[in-house]
Structures are given as C-alpha cells and as structure tokens.
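Colleague:
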Amino acid sequence: MKTLTRAFALIYRAPRLVVARLAVSRKATVGAALLFVLVMMGVLAPVIAPGNPMAVVAGQNLAPSWQHLLGTSGQGNDIFAQVIWGTRNSLGVGFVTGVLIAVVGVAVGLCAAFFGGVIDNLLTLLANVFLVIPGIPLLIVMAAFLPRNNLSIILVLAIAGWATTARIIRSQALSIVRRDYVAAAIVIGERRARVITTEVLPNLSSLIASVFFGAIGYGIGAQAALQFLGLGSITTDSWGSILFWAQNNQALFQGCWWQFVPPGIFLALTCAAISMLNFAIDEITNPRLRTVRQRRPARRERAALARARSRSAGAGEGLDFA
Amino acid sequence: MRYLLTRLGFYLVAIWGSLTINFFLPRLAPGDPAATLMQRMGQMTPAQEQSIAVIYGLNKHVPLFRQYVTYLNQLAHGDLGISIQFFPSTVASVIRAAILWTLFLGGVSLLIGFVVGVSLGVLVAWRRTRPVDSIVTPSTIFLASVPYFWLAMAVVYVFALKLNWFPINHSYNIDVSPSFSFSFLLDILDHAALPVATIVVVSVGNWLITMRSTMIGVLSEDYITMAIAKGLHPLRVALSYGARNALLPVTTSAGIAVGFIVGGALLTEVVFSYAGLGYLLYTSVTSLDYPLIQGLLVIITLGVLGANFIVDMVYVLLDPTVRRP
C-alpha cells in the first residue's frame, strides 16, 4: 500500500515538472490554448447551440446565413450545431482511445523492457507485426465486421494502434532499465512492482504524456476516416459523420462547401494542437531539438563583438560562443 | 546477408499474422456474416460454394484447425474466393484489375513526397534559427494534421469544380478506351495530378519533421563543427556532411511511412473515385462484399510488406555497418 501511494505521489509530481517547463514553450502554450477552447466547445455545446443537432430545422443545403451560421446539411440539419455537438463525440472517442492505447502500450513496452529475454522477443515481434500491417486497411476491415457503434470503433482503433506506443515506450524504458540506480534498487531487494513504479515509470512520464497525446490525435483522425467511410455510427453526431453525410449528399458537386469545410478545419485544428504539444514535449525531453532564439545584437554591438573576437583569436583563446 | 535473412523471417511471421487475423475475423465477429453471405450469393457452382465455405468456416463440423489449414492452403494457391458485387468474378481477378492504379498513385506520391519533404527538412534544420523554420515547420505540422480525405475533398472543390483545371474524378476519361497512345498517357497524368498532389501535401510534413530532427542531431556532431571550421562551403557541409548521415535513420522510418501512404492513398482514391484498391475497398465495404474486403487486406498487406523489404535492402546498401559477413 505504501508503495502504491509513493508511486502515485511520484507520478503526480513528475508531470508537474514537465508542465512547468511546458509553460515556457510557445508551441505548447498555443497548442494547450487551442485544445482548451475545443474541449470547452464540447462541454458548453448545450449553451452555444441549444437543441438537438440531429433535428431537421430548415430547408436542405441552405448557404450560411445569420440564422444558420454554417448553413444546413442535405437533410436540413444546422451544420453549426452539428459541428459544435460533434466535438463531444470526436474528442471523447479520441480521448478514450488515447487512454486505452497509452495503458496497453505502456504496459507492453515496460514489460518487454523490464523482463527482457523471451518475453521481450515475443512482445517486440508482436508489436512489429502490428506495426508493419498497414493501419487504415486493417481498421477498415475490422470495422466492417463489427457492429457500427462507438465501442467497436474504439476497440478497433486500439487494436490497430497500440504497437507504435509499445515500441516507443520499450526503447526508452530499455535505456532506463539498464541504468545503475535500477540495478541498485534490484540488488537492495526491492520488489519488481516497486522498481517499475518508482524507478522506471517516473522517468518515462514525459514520454508517456507525448505518446498519450499522439494516440488521441491518431484516434480522432482515424475515427473521422472510418466514419467518413460509413463504418462508424452514423446516427451519432461527430465531425466524421458530418463529412459522411456531406459525401453521401454529393455536397461537392452541389457546391455546398459549408458542409465539409468546417468539420475538416476542426479536425485539423485539433490534431495540430496535439502535434504542437507533442513537439514541445519532444523539445523538452530532447534538448538538442530546442531552437535557441537569440537576440540578434545591434550593429554597434556586433562590430564590438567582431573586434573582440579578432583580438582574442590572435591571443589563442578563440572560440567564444557566449 | 544475415540481416536480410532475419528480416525476411520477420516478414514471413507478419504475413502469417495478417492471414491469421483475416481467418479469425469473420469467425469472431458478432452476428453471422457467413449466413447472410450465402443468402446474398445466389446461384453458385459447387466449387464456388466449397471455396466460400472454407473462407467463412461454414463447415462447422470440421475442427477449427482443419479449417485453418484448408484456408491457408487455398490462399497459397491464389484462391481468394468469389466477389459478391462482381459475381461471378473471382476476388483475385477483380484485384488484379485495380492494383496497378494504386501502385502508380502510391509510388509516384511516395517518391515526390520523400524528395520534397527530405529537402525541406534539410533546409529548415540548416536554417533553424531563421524565419524559414518558424514558418515552414508549423505550417507542415498543420498540413500533416489535415485528414487525407478531407484535403482531397477541398482540392476537388477548388481545382476541379471551381477552377476547372483538372478532372473531378476517375483515373482516366471513361469515354476514351484505354490504349498505349501518348494522348491516353496525358489523360492518365491529368487525372492523377490532384490525387498525387493531395497525398504529397499531407505526407511531406512527416518526412520534413523526421528529417529535421535527425538532421539537427547530426548538425550538433563534432565533425560538422570541424567541417565548418575548415572553411568548407556551407552547402557542402549541409549536404555531404549533414544530410547524408541524417538520411539513414529517415530511411528506416520509410518502411512504416509506406504503410501510412498506402492508407492515405486508399482514402484519397475514395474521394476521387480513382479505380485503385482503395476505391475497391470502399465499394466492397458499402456493399458488404466480405470476400473482396478480406482479399484486399491480404493483397495490401503483402504489398506493404514487400515495400518494407525493399526499404531494408536499400538500407543495407546505404549503411555499411549492417553488412556483416
């Protein structure tokens, strides 16, 4: 029990360090702000667009107007309401998929790295097989055989997507498991569960955050693709299903751009926000990727610097990177 | 050689894995796809019935293992069953008619995307404190986040419907019968322009980001500092010293990228009604043509695995350290 509470304390503290550093990064700030706005959009859907989004409220294929900000669909639904409400399903499915993939991927990756030997070989082989089988066809085929609902979509997305996470976690965990302090913990006689939760896991926290966000992005995009193909539940409102109805309705040929542009933009914004967060986490974990933005010295300073350099170079203490 | 053999072994395991998934899917799926299938098939010759029965495990009295062996044996002989929507054509013949289009679309986009993405990656890594990096990198991240099929829709809307520059859909003008003439070739290129552009635009971002990261890693190596200190031309440092070494890890990720691009090509084909495997997969899903769906998964997986093996061979050529005797 004590082990468990301590593990939780560490897991709780470690991300806070990352969060503190994230706040400094501009990419992270923009990404987080965007994501926050999108989440709020879903949460506040009943306030922003009251009423049932699937209800037929007006004529078909109406262009955007003050009454219907983003026009209406081929069935006469209000697209603005559908996009706002669709946030719930799209982000929700993406989030659950992300959690599922992160849990499975971290568990498999950690086991493979920690136990090594035959277990590692088998798990790695399994992950590599899933990695090399093309994802989208596998998704489509699995979804085609399952009932059309959110649960099967999440399941299918997790089955096709866990391997990437497992592989990333394994390779990083491997380098941690080989460090001296882990060996020391084992030698002291710590139990395995404790070594994993207190020595290995906290050092993986930023990577886990990164794969978690990555999995959410993958989940949102892939769900939209499946729904666009008519493989999801088309009666629930989501960005993918709006696109499905737009395609079914031949929106392109009728010139109804408002039926497919908004959901696509929201999809792209969500995934871009997640990528930006991930990019920032990458830069924090891997300092070599960080772009150091230096103030360009003013002309007079530059001249002075150059003079100083040429002088010091003569004195043999040349390389001055400061 | 030893490296390639291990890889080959791995691909065999992967093929076996995907076939096994394919075998168990219809058997584990809720409901009874097999029974509905038999109802929809209509008239069949006894041989066709036998083939369907094997694929869907209708012979319930036969033990699962026996079914599995028969299934693999049937696949080994190239028998993928009979299509429902194109009844009585075999799945194999339907796929054969579509496969070249996908190879063409995917191959061309892969090549262009790789060259453009890697070159841009070198550029932004080399100039990473300059505006070009802070403009190009975020915008490609954004473009890479755009779903393939959505970009395809937008591209059709703008360039085909509004501007009328390119044809709206299909892989060639249906009014013209295919021939080996120059004008037909132009027609094909004309129809391929928009789909290829779509796939390239989305895939460039991933190449750029991978290349940028590895290139930045390489640029902080001592030999780069040395090369600059020697007074070599910056272009030479960037290309022969930086890019050449950064390209290796990028090639490794090319194998996985092939899978993504195939996926993207499939979705793009759906929007353009392009006569390749993706469009076929889409129509087979909407008409519940299970034998065709499964056959397509087998063929696409085989193709992607083959492409991965080629990437491995290229890797051996590029990196002397894996060439152990």
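Residue numbers (our numbering), protein chains in the order written: chain L, 1 to 322; chain R, 323 to 647. Don't be surprised by glycine CBs; every beta carbon is placed ideally from N, CA and C. Keep in mind it's a predicted model, so treat the numbers as computed, not measured.
Use the C-beta contact count for residue 551/R: other C-beta atoms within 10 angstroms, 16 or more gives buried, fewer gives exposed.
Modeller: Position 229 of the second sequence, counted from the first residue, corresponds to residue 551/R. So residue 551/R ends up on the exposed side.
Colleague: Write down the C-beta distance between residue 253/L and residue 230/L rounded to the nearest angstrom, noting that I regard them as a contact closer than 8 Å.
Modeller: Reading the first sequence from its first residue, position 253 is the one you call residue 253/L. Reading the first sequence from its first residue, position 230 is the one you call residue 230/L. That belief does not hold up - the Cβ atoms of residue 253/L and residue 230/L are roughly 18 Å apart, past 8 Å.
Colleague: In three-state terms, what does DSSP make of residue 404/R?
Modeller: Here the question's residue 404/R lines up with position 82 in the second sequence. The answer is strand: DSSP assigns residue 404/R an E or B state.
Colleague: Let me check understanding here. Comparing Cα to Cα, which of 226/L, 141/L, 248/L, 116/L lies closest to residue 622/R?
Modeller: By one-based count along the second sequence, residue 622/R stands at place 300. When only C-alpha atoms are compared, the closest one is 141/L.
Colleague: Can you check the segment 390-443 of chain R for any beta strand (DSSP E) of at least 3 residues that lies completely inside it and give the ranges in chain order?
Modeller: For the segment 390-443 of chain R, not a single whole beta strand (DSSP E) run of length 3 or above is found.
Colleague: Could you check what DSSP says for residue 78/L in three-state terms: helix, strand or coil?
Modeller: Position 78 of the first sequence, counted from the start, is the residue given in the question as residue 78/L. Residue 78/L falls in the strand class under three-state DSSP.
Colleague: Please classify residue 199/L as buried or exposed, where buried requires at least 16 neighbouring CB atoms within 10 angstroms.
Modeller: By one-based count along the first sequence, residue 199/L stands at place 199. When all chains shown are included, residue 199/L counts as buried.
Colleague: Measuring only the C-alpha atoms, how far is residue 487/R from residue 431/R?
Modeller: Within the second sequence, residue 487/R is the residue found at index 165, counting from 1. Within the second sequence, residue 431/R is the residue found at index 109, counting from 1. Approximately 20 Å between the Cα atoms of the pair.
Colleague: Excluding five sequence neighbours on each side, which residues of the same chain lie with their C-beta closer than 7 Å to the C-beta of residue 203/L?
Modeller: The residue given as residue 203/L occupies position 203 in the first sequence. 176.
Colleague: Comparing C-alpha positions only, which one of 463/R, 634/R, 640/R sits nearest to residue 214/L?
Modeller: Counting from 1 along the first sequence, the entry for residue 214/L is found at position 214. Per the Cα distances, 463/R.
Colleague: State buried or exposed for residue 629/R, treating a residue as buried only when at least 16 other CB atoms are found within 10 Å of its CB.
Modeller: One-based indexing of the second sequence puts residue 629/R at position 307. Looking at its Cβ environment, which holds 16 or more other Cβ atoms inside 10 Å, residue 629/R is buried.
Colleague: Go through the segment 104-178 of chain L residue by residue and report every complete run of the alpha helix (DSSP H) that reaches 4 residues or more, in order.
Modeller: For the segment 104-178 of chain L, whole alpha helix (DSSP H) runs of length 4 or above, ordered along the chain, are 117-132, 135-145, 150-177.
Colleague: Under the assumption that residue 329/L contacts residue 219/L (Cβ atoms under 8 Å), give the Cβ distance between them as a whole number of angstroms.
Modeller: In this structure chain L extends from 1 to 322, so residue 329/L is not present and cannot be described.
Colleague: Given this structure, state the Cα-to-Cα distance separating residue 460/R from residue 608/R, to the nearest angstrom.
Modeller: As a working mapping, residue 460/R is identified with position 138 in the second sequence. As a working mapping, residue 608/R is identified with position 286 in the second sequence. About 37 Å.
Colleague: Can you tell me which residues form a DSSP beta bridge with residue 72/L?
Modeller: Translated into positions along the first sequence, residue 72/L becomes position 72. BP columns for residue 72/L point to 78/L.
Colleague: Since I believe residue 403/R is in contact with residue 617/R (beta carbons under 8 Å), could you give me their beta-carbon distance rounded to a whole number of angstroms?
Modeller: Counted from its first residue, the second sequence places residue 617/R at position 295. Counted from its first residue, the second sequence places residue 403/R at position 81. So it is a contact: roughly 7 Å between Cβ atoms.
Colleague: Is DSSP giving residue 596/R helix, strand or coil here?
Modeller: Start at 1 with the first residue of the second sequence, and residue 596/R comes out as number 274. DSSP places residue 596/R in coil when its eight states are reduced to three.
Colleague: Name, please, each residue of chain L whose Cβ falls closer than 9 Å to the Cβ of residue 592/R.
Modeller: The residue labelled residue 592/R in the question sits at position 270 within the second sequence. Neighbours of residue 592/R on chain L, chain order: 228, 229, 247.
Colleague: Exposed or buried, residue 504/R, counting other C-beta atoms within 10 Å across all chains shown (16 or more means buried)?
Modeller: Taking the second sequence and counting its residues from 1, the one referred to as residue 504/R is at position 182. Residue 504/R should be labelled exposed.
Colleague: Have a look at 191/L, 174/L, 250/L, 166/L and flag the residue whose alpha-carbon is nearest the alpha-carbon of residue 125/L.
Modeller: Counting from 1 along the first sequence, the entry for residue 125/L is found at position 125. Comparing Cα-Cα distances from residue 125/L to each of 191/L, 174/L, 250/L, 166/L, the minimum goes to 166/L.
Colleague: If distances are taken between C-alpha atoms only, which option among 45/L, 160/L, 66/L comes closest to residue 82/L?
Modeller: Your numbering for residue 82/L matches position 82 in the first sequence. Among 45/L, 160/L, 66/L, the Cα nearest to that of residue 82/L is on 45/L.
Colleague: Identify the contact partners of residue 618/R in chain L, using a Cβ-Cβ distance below 8 Å as the criterion.
Modeller: One-based indexing of the second sequence puts residue 618/R at position 296. Within 8 Å Cβ-Cβ: 137, 141.
Colleague: Since I believe residue 445/R is in contact with residue 454/R (beta carbons under 8 Å), could you give me their beta-carbon distance rounded to a whole number of angstroms?
Modeller: Residue 454/R sits at position 132 when you count from the first residue of the second sequence. Residue 445/R sits at position 123 when you count from the first residue of the second sequence. With a Cβ gap of about 7 Å, residue 454/R and residue 445/R count as contacting.
Colleague: Looking only at its chain, what residues have a beta carbon closer than 6 Å to the beta carbon of residue 533/R, apart from the 5 residues adjacent to it on each side?
Modeller: If you number the second sequence from 1, residue 533/R lands on position 211. 440, 443, 572, listed in sequence order.
Colleague: Determine whether the beta carbon atoms of residue 238/L and residue 128/L lie at a separation below 8 Å.
Modeller: What you label residue 238/L is simply residue 238 of the first sequence in a count that begins at 1. What you label residue 128/L is simply residue 128 of the first sequence in a count that begins at 1. Taking 8 Å as the Cβ cut-off, residue 238/L and residue 128/L do not qualify as a contacting pair.
Colleague: Which residues mark the beginning and the end of the alpha helix (DSSP H) in which residue 544/R is found?
Modeller: Taking the second sequence and counting its residues from 1, the one referred to as residue 544/R is at position 222. It spans 544-551 - the alpha helix (DSSP H) in which residue 544/R sits, taken as one unbroken run.
Colleague: Just checking my contact of residue 537/R with residue 579/R at CB under 8 Å: how many whole Å lie between their CB atoms?
Modeller: Counting from 1 along the second sequence, the entry for residue 537/R is found at position 215. Counting from 1 along the second sequence, the entry for residue 579/R is found at position 257. Not a contact, Cβ separation roughly 17 Å.
Colleague: Check this for me: beta carbons of residue 586/R and residue 523/R, under 8 Å apart or not?
Modeller: Start at 1 with the first residue of the second sequence, and residue 586/R comes out as number 264. Start at 1 with the first residue of the second sequence, and residue 523/R comes out as number 201. Their beta carbons are not under 8 Å apart, which means residue 586/R does not touch residue 523/R by this criterion.
Colleague: Shorter than 8 Å from the beta carbon of residue 472/R to some beta carbon of chain L?
Modeller: Looking up residue 472/R in the second sequence gives position 150. Chain L, which has a Cβ nearer than 8 Å to the Cβ of residue 472/R, makes this yes.
Colleague: Can you confirm whether the segment 251-266 of chain L touches the segment 108-118 of chain L when touching is taken to mean that 3 or more C-beta pairs between the two stretches lie within less than 8 Å?
Modeller: No, because fewer than three Cβ pairs between the segment 108-118 of chain L and the segment 251-266 of chain L fall closer than 8 Å, the two stretches do not touch.
Colleague: Please list the terminal residues of the continuous alpha helix (DSSP H) segment that includes residue 202/L.
Modeller: Locating residue 202/L in the first sequence gives position 202, counting from the first residue. It is not in any alpha helix (DSSP H) - residue 202/L carries neither H nor E in the DSSP assignment.
Colleague: Within a Cβ cutoff of 6 Å, which residues of the same chain sit near residue 633/R, ignoring the five residues on either side of it in sequence?
Modeller: Here residue 633/R refers to the residue found at position 311 when the second sequence is read from its first residue. Within the same chain, residue 633/R has close Cβ partners 576, 577.
Colleague: Measure the Cβ-Cβ separation of residue 55/L and residue 68/L and say whether it is below 8 Å.
Modeller: Indexing the first sequence from 1 puts residue 55/L at position 55. Indexing the first sequence from 1 puts residue 68/L at position 68. Going by C-beta atoms, residue 55/L is not nearer than 8 Å to residue 68/L.
Colleague: Below 8 Å CB to CB, which residues in the same chain sit around residue 561/R once its five sequence neighbours on both sides are set aside?
Modeller: By one-based count along the second sequence, residue 561/R stands at place 239. Same-chain partners within the cutoff: 444.
Colleague: What is the C-beta distance between residue 247/L and residue 153/L, in whole angstroms, given that I count them as a contact (C-beta under 8 Å)?
Modeller: The residue labelled residue 247/L in the question sits at position 247 within the first sequence. The residue labelled residue 153/L in the question sits at position 153 within the first sequence. Contact flag wrong, Cβ pair sits at about 18 Å.
Colleague: Got a sec: which bits of the segment 448-478 of chain R sit with their beta carbon under 9 Å from any beta carbon on chain L, in order along the chain?
Modeller: For the segment 448-478 of chain R, which is checked against every Cβ of chain L, the residues closer than 9 Å are 450, 451, 455, 456, 459, 460, 463, 464, 465, 466, 467, 468, 469, 470, 471, 472, 473, 475, 476, 478.
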